[in-house]
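First the structure, in the form of structure tokens, and then the observations on it.
There are 2 protein chains.
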Amino acid sequence: MSTNESNKEAPAKGQTKDFQAKTSRGEATRQKLLDAAEEIFGEKGYFRASVVDITLKAGVAQGTFYVYFPGKQDIFAELVRELSHNLRREISQAVSGLNSRREVEERGFAAFFAFIKKHRNLYRIMQQVEFVDEDLYKWYYRRMAQGYVQGVEAAMEAGEFRRLDPETVAYALMGIAEFIGMRWVLWEGKDVPAKAFNTVMSMVMEGLHAD
Amino acid sequence: MSTNESNKEAPAKGQTKDFQAKTSRGEATRQKLLDAAEEIFGEKGYFRASVVDITLKAGVAQGTFYVYFPGKQDIFAELVRELSHNLRREISQAVSGLNSRREVEERGFAAFFAFIKKHRNLYRIMQQVEFVDEDLYKWYYRRMAQGYVQGVEAAMEAGEFRRLDPETVAYALMGIAEFIGMRWVLWEGKDVPAKAFNTVMSMVMEGLHAD
DNA sequence: TTGAAACATGAACCATCTGTCATGTTTATC
DNA sequence: GATAAACATGACAGATGGTTCATGTTTCAA
């Protein structure tokens with residue numbers, strides 16, 4: 008088949024379902040591989056990371072990798088889906104039950120920053136999806152935006168935000184979060200300082216306030 | 008020396024100055040290589056692009072590449088510096104002589120969107136610097152932020168913006184621009200629609216207005 | 001015209017990497 | 001404890017790509 012990574016075609020092959028482990032032993036090995044992959048991809052980036060790196064870190068033989076994943080792209084994609092899912096879950100948990108839109112934005116941003124601090128590897132992983140699997144990359148941001156749009160629309164409905172294009176608002180807020188997170192969490196490994204956090208909140212709430 | 012791309016160490020080697028052509032013929036070849044590299048890197052991404060791709064597109068032999076650039080990383084870095092410089096120049100030209108801060112932001116955002124529309128390849132190039140040369144990547148954003156901070160501070164001084172942390176404001180605005188540009192220019196190849204542009208401006212100006 | 005410097009060439013070297021496979025080991029079930 | 005399925009192994013095939021180098025060609029000043 009000769010499907011090398013640098014093959015000219017099909018950088019994003021279809022939804023190849025990864026193998027499912029049939030015993031708990033197999034499941035454990037699969038998980039070891041995923042954990043190792045998360046670290047390796049985060050450290051070296053997708054392209055500089057090799058399958059050998061992953062199996063070495065996981066403590067299994069090279070061949071074992073292919074028992075659980077069809078290829079390097081597939082374990083990466085799985086990681087991305089996992090990350091995306093967990094991130095959205097944590098944010099939605101953080102804001103569930105909140106009443107004012109200000110609180111929602113505050114807790115939502117805080118949850119995002121907390122998540123990327125805990126998963127700096129995965130933050131870096133997200134930045135590479137574009138060049139590994141273009142569709143997955145767009146899916147991630149669209150999915151994220153989609154959830155945001157609903158909240159923004161509801162806030163407009165409720166008169167907490169004034170009427171603006173909700174999708175644009177969603178992308179703008181995502182951009183703010185990503186850049187502020189990059190500046191502090193990714194680059195410095197710190198929490199976003201209060202001064203910066205307050206500035207963001209002030210900009211956002213003033214920028215969107217009703218009346 | 009065996010310095011392969013996937014070498015374990017020194018992903019970012021020091022400021023290797025590229026060779027300087029000594030005749031106009033040499034200069035022309037060097038430029039052909041740079042132009043080809045811009046297209047190839049933009050299309051395939053840094054890691055999937057090969058030096059052969061570049062020389063093929065430039066219409067020169069493989070060896071010729073190394074007459075002008077010490078290696079693949081170096082031509083990429085040169086491209087990034089060139090892009091960064093041109094982008095900052097276009098924006099600063101677009102806003103020079105403007106009086107109100109609102110106009111500055113409007114023209115500045117518009118210039119940014121126009122630039123990335125004209126250089127979609129380079130937009131994609133910027134997204135990869137992180138994994139090719141970490142220092143260069145931070146340098147690019149810091150440099151960009153730095154210029155923005157000055158403008159924001161001046162606007163606060165002049166009472167057009169209220170007092171907030173200028174650096175945070177700069178990163179937030181950069182994040183907005185990048186995400187809105189991604190959504191429309193990069194993904195759809197279109198200009199940012201008026202509705203989206205107006206929403207952005209409204210958010211930004213309301214978010215930062217003095218009172 | 002001549003000779004040296006600049007430029008150009010492309011085959012070949014060397015390292016690396018992904019994915020395969022024939023073979024072994026463990027586990028679970030009866 | 002026998003047997004088959006699941007799991008694990010690591011050497012190897014097949015391919016790619018960055019970089020080097022010995023050699024050839026062009027340019028240009030003296």
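Those sequence lines, one after another, are chains A and B.
Residue numbers for the first sequence, in this note's numbering: 8 to 218.
Residue numbers for the second sequence, in this note's numbering: 8 to 218.
In this text, a Cβ means the ideal position worked out from N, Cα and C, and glycines have one as well.
(1) Going by DSSP, what residues sit across from H216(A) in a beta bridge?
(2) Quick one: using the 10 Å Cβ neighbour count with 16 as the cut-off for buried, is Y144(A) buried or exposed?
(3) Enumerate in chain order the residues of its own chain whose CB-to-CB distance from E46(B) is below 8 angstroms, with the five nearest sequence positions on each side excluded.
(4) Please confirm whether V211(A) and L171(A) have their CB atoms less than 8 angstroms apart.
(5) Can you tell which of D25(A), E113(A) and N93(A) has the C-alpha that lies nearest to the C-alpha of V102(A)?
(6) Taking 8 angstroms as the CB-CB limit, is R190(A) close to chain B?
(7) By the criterion of Cβ-Cβ separation under 8 angstroms, what are the contact partners of K145(B) in chain A?
(8) One question on the structure: do F122(A) and L94(A) come within less than 8 angstroms of each other, judged by their Cβ atoms?
(9) Any beta-carbon of chain A closer than 8 angstroms to the one on G214(B)?
(10) Let me see if you follow: with CB-CB separation under 8 angstroms, is K202(B) close to chain A or not?
(11) Looking only at its own chain, which residues have a Cβ that is under 8 angstroms from the Cβ of M208(B), when we skip the five neighbours before and after it?
(12) By alpha-carbon positions, which one of K39(B), G78(B), A184(B) and A177(B) ends up nearest to G66(B)?
(13) Output yes if chain A places a C-beta closer than 8 angstroms to the C-beta of Q100(B); else output no.
(14) By alpha-carbon positions, which one of A43(B), A184(B) and V156(B) ends up nearest to I82(B)?
(15) Run through chain A and tell me which residues come within less than 7 angstroms of V211(B), C-beta to C-beta.
(16) Just checking: is the beta-carbon of D172(A) within a distance shorter than 8 angstroms of some beta-carbon in chain B?
(17) Go ahead and label N14(A) buried or exposed: buried means 16 or more other beta carbons lie within 10 angstroms of its beta carbon, across all protein chains shown.
(18) Three or more beta-carbon pairs under 8 angstroms between the region 150-162 of chain B and the region 68-85 of chain A, yes or no?
(19) For Q135(B), count neighbouring C-beta atoms within 10 Å of its own C-beta (all shown protein chains included) and say buried if the count is 16 or more, exposed if not.
(20) Using a cut-off of 7 angstroms between C-beta atoms, extract the partners of E164(B) located in chain A.
(21) Would you give the residue range spanned by the alpha helix (DSSP H) that L193(A) belongs to?
(22) Compute the Euclidean distance between the alpha carbons of K29(B) and R88(B), then round it to the nearest angstrom.
(23) Relative to the alpha-carbon of L193(A), which residue among R55(A), M133(A) and Q80(A) has its alpha-carbon at the smallest distance?
(24) Mapping DSSP to helix, strand and coil, what is Y144(B)?
(25) Step through the CB atoms of chain B and report whether any lies within less than 8 angstroms of the CB of M208(A).
(26) Residues of the region 118-143 of chain B with a CB closer than 7 angstroms to any CB of chain A: list them in chain order, please.
(27) Just the chain B side, please: which residues come within less than 7 angstroms of M181(A) by C-beta, in chain order?
(28) Can you list, in chain order, the stretches of the alpha helix (DSSP H) that have 4 or more residues and sit fully within the region 66-123 of chain A?
(29) Let's test the definition: count the other Cβ atoms within 10 Å of the Cβ of R96(A) and tell me whether it reaches 16, buried, or not, exposed.
(30) Taking G33(A) as part of the alpha helix (DSSP H), name the residues at either end of that continuous run.
(31) What residues in its chain sit with their C-beta under 7 angstroms from that of A203(A), if we drop five residues either side in the sequence?
(32) Any beta carbon of chain A sitting closer than 8 angstroms to that of F54(B)?
(33) Run the CB neighbour count on P200(B), radius 10 Å, all protein chains shown included, and call it buried at 16 or more, exposed below.
In short, the structure shows the following:
(1) The residue labelled residue 216(A) in the question sits at position 209 within the first sequence. Paired residue(s): F168(A).
(2) As a first step, residue 144(A) is located in the first sequence; it is residue number 137 there, counting from the start. With 16 or more other Cβ atoms from the protein chains shown falling within 10 Å of its own Cβ, Y144(A) counts as buried.
(3) As a working note, residue 46(B) is residue 39 in the second sequence. Around E46(B): K64 and N128.
(4) The residue labelled residue 211(A) in the question sits at position 204 within the first sequence. The residue labelled residue 171(A) in the question sits at position 164 within the first sequence. Contact flag unset, no.
(5) Locating residue 102(A) in the first sequence gives position 95, where the first residue counts as 1. Taking only the C-alpha atoms, the option nearest V102(A) is E113(A).
(6) Translated into positions along the first sequence, residue 190(A) becomes position 183. Chain B, which has a Cβ nearer than 8 angstroms to the Cβ of R190(A), makes this yes.
(7) Position 138 of the second sequence, counted from the start, is the residue given in the question as residue 145(B). Near K145(B) (Cβ distances below 8 angstroms), the residues of chain A are W194.
(8) Position 115 of the first sequence holds residue 122(A). Position 87 of the first sequence holds residue 94(A). Inclusion of F122(A) and L94(A) in the CB contact set at 8 angstroms is warranted, their separation being smaller than that value.
(9) Reading the second sequence from its first residue, position 207 is the one you call residue 214(B). With 8 angstroms as the cut-off, G214(B) counts as an interface residue toward chain A.
(10) As a first step, residue 202(B) must be located in the second sequence, where it is residue number 195. Contact of K202(B) with chain A is assigned, a C-beta pair being separated by under 8 angstroms.
(11) Counting from 1 along the second sequence, the entry for residue 208(B) is found at position 201. Taking C-beta separations shorter than 8 angstroms and ignoring five residues to either side along the sequence, the partners of M208(B) in its chain run R109, E112, E113 and F116, following chain order.
(12) Walking along the second sequence from the start, residue 66(B) turns up at place 59. Looking at the Cα atoms, K39(B) is the closest of the given residues.
(13) Position 93 of the second sequence, counting from 1, holds the residue named residue 100(B). Not closer than 8 angstroms to any Cβ of chain A, the Cβ of Q100(B) fails to qualify, so no.
(14) Here residue 82(B) corresponds to residue number 75 of the second sequence, with the count starting at 1. Selected option, being the one with the closest Cα: A43(B).
(15) Reading the second sequence from its first residue, position 204 is the one you call residue 211(B). Those within 7 angstroms of V211(B) in chain A are G214.
(16) For the purposes of this step, residue 172(A) is identified with residue 165 of the first sequence, where counting begins at 1. It does; some Cβ of chain B falls within 8 angstroms.
(17) Counting from one through the first sequence, the residue named residue 14(A) turns up at place 7. The pLDDT assigned to N14(A) is 35, lower than 50, so where the model puts this residue is not dependable, and the model offers no usable value.
(18) By the C-beta criterion, the region 150-162 of chain B is judged not to be in contact with the region 68-85 of chain A, since fewer than 3 inter-stretch pairs fall below 8 angstroms.
(19) If you number the second sequence from 1, residue 135(B) lands on position 128. It is buried - the Cβ of Q135(B) has at least 16 other Cβ atoms within 10 Å.
(20) Position 157 of the second sequence, counted from the first residue, corresponds to residue 164(B). Listed along the chain, the chain A residues whose CB falls inside 7 angstroms of the CB of E164(B) amount to none; the nearest CB is some 17 angstroms away.
(21) Here the question's residue 193(A) lines up with position 186 in the first sequence. According to the DSSP assignment, L193(A) belongs to no alpha helix (DSSP H), since it is labelled neither H nor E.
(22) Here residue 29(B) is taken as the residue at index 22 of the second sequence, counted from 1. Here residue 88(B) is taken as the residue at index 81 of the second sequence, counted from 1. Rounded to the nearest whole angstrom, the C-alpha separation of K29(B) and R88(B) is 22 angstroms.
(23) Residue 193(A) sits at position 186 when you count from the first residue of the first sequence. Out of R55(A), M133(A) and Q80(A), M133(A) has the C-alpha closest to the C-alpha of L193(A).
(24) Mapped onto the second sequence, residue 144(B) falls at position 137. Helix at Y144(B).
(25) The count along the first sequence starts at 1 and reaches residue 208(A) at position 201. For M208(A), the answer is no, since every Cβ of chain B falls outside 8 angstroms of its Cβ.
(26) With the criterion set as a beta carbon lying under 7 angstroms from some beta carbon of chain A, the members of the region 118-143 of chain B are Q134, Q135, E137 and F138, in sequence order.
(27) As a position in the first sequence, residue 181(A) is number 174, starting the count at 1. Result: F186.
(28) Taken in chain order, the whole alpha helix (DSSP H) runs of length 4 or more contained in the region 66-123 of chain A are 69-75 and 79-102.
(29) Taking the first sequence and counting its residues from 1, the one referred to as residue 96(A) is at position 89. Result: exposed.
(30) As a position in the first sequence, residue 33(A) is number 26, starting the count at 1. Element bounds for G33(A): S31 to K51.
(31) Taking the first residue of the first sequence as position 1, residue 203(A) is located at position 196. Short of 7 angstroms from the beta carbon of A203(A), and not among the five residues preceding or following it, lie these beta carbons of its own chain, in chain order: I187 and W191.
(32) Numbered from its first residue, the second sequence carries residue 54(B) at position 47. So, interface residue.
(33) In the second sequence, counting from the first residue as 1, residue 200(B) sits at position 193. Exposed, since its Cβ has fewer than 16 Cβ neighbours within 10 Å.
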